[in-house]
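Scroll down for the structure; my scribbles are underneath it.
Numbering (my numbering), first residue to last: 132 to 177.
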């Protein structure tokens with residue numbers, strides 16, 4: 132996914148989710164589509 136010469140940090144996915152929320156959500160602080168699931172990761176709801 133990232134390519135061969137890229138070394139993603141542990142926060143890479145978090146940063147992508149943050150960017151998706153800013154782009155897709157009306158109110159990124161109260162997400163409707165991208166939800167955090169503690170201990171698991173993220174969930175997308177349509």
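No residue lacks a Cβ here, since even glycine has one placed at the ideal position from N, Cα and C. It should be emphasised that the depicted structure is a prediction, and the values quoted were computed from it without experimental measurement.
With DSSP collapsed to three states, give me the class of residue 164.
Translated into the one-based positions of the chain shown, residue 164 becomes position 33. Coil.
Which residue wins for smallest C-alpha separation from residue 169, given the options 145, 152, 140, 155?
By one-based count along the chain shown, residue 169 stands at place 38. With distances taken between Cα atoms, residue 169 lies closest to 145.
Residue interval of the beta strand (DSSP E) (run including residue 173)
Residue numbering aside, residue 173 sits at position 42 when the chain shown is read from its first letter. For residue 173, the uninterrupted beta strand (DSSP E) segment begins and ends at 172–175.
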